[in-house]
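Here's the structure we're looking at; comments come further down.
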Amino acid sequence: MRIALGLLYVHFGLLKFFPDLSPAELIASQTVSRLSLEWIDARAAMTWLGALECAIGMGLLLNTLRRVVFYLFLFHMVGTFLPLLYLPELMFKVAPLAPTIDGQYILKNFVLLAAGWAVLAPELPPASRADVSPPREESR
């Protein structure tokens, strides 16, 4: 699953370096534009987003810097869901039951989130025993 997720991220990331190739270009550029109050232009947004996705993908493929990749992945996933809040008119015909094709493109990221969590979350440190142990009765 790690390899498949890595290939998907690299592929979708590379598409963002070439104008009009990424199916997410309009959604991503409009979301970044709204978030940055029009400060970041669409081409720069796509370049940075493509670089982020390629970095996540390469980290997954090379199985390196897993903790960094995990946090980049979570940051990216949060960003992928923002169009649901910022561009609902593009995401739904009737919210939340009838997503448009763009909305479906965003909603499928729940599957990617689950896959990424399954692959990367085991790298997080386990909770210490003191955090999960039941309270002890004090002996007198």
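Everything in the sequence shown is counted per this note's numbering, starting at 4 for the first residue and increasing by one.
Cβ atoms here follow ideal geometry from the backbone N, Cα and C, with glycine treated the same way.
Predicted, not measured: the structure shown is a model, and the values here were computed from it.
- In angstroms with no decimal places, state the Cα-to-Cα distance between residue 15 and residue 59. 11 Å
- Message: Could you pull the DSSP bridge partners for residue 97 from this structure?
- Response: According to DSSP, residue 97 bridges with 101.
- Task: Determine, using beta-carbon pairs with one atom in the region 68-86 and one in the region 108-116, whether at least three such pairs fall under 8 Å.
- Result: yes
- Query: Can we say the region 93-108 touches the region 37-46, given the rule of at least three CB pairs closer than 8 Å?
  - Reply: No, the region 93-108 does not touch the region 37-46.
- Message: So, with DSSP's three-state summary, where would you put residue 87?
- Response: helix
- Item | Nearest-angstrom Cα separation, counted from residue 56 out to residue 6 | 14 Å
- Please name the residue in 10, 48 and 30 whose C-alpha comes closest to that of residue 108. 30
- My guess is that residue 9 and residue 75 are in contact by the Cβ rule of under 8 Å, so how many angstroms apart are they, rounded? So it is not a contact: roughly 13 Å between Cβ atoms.
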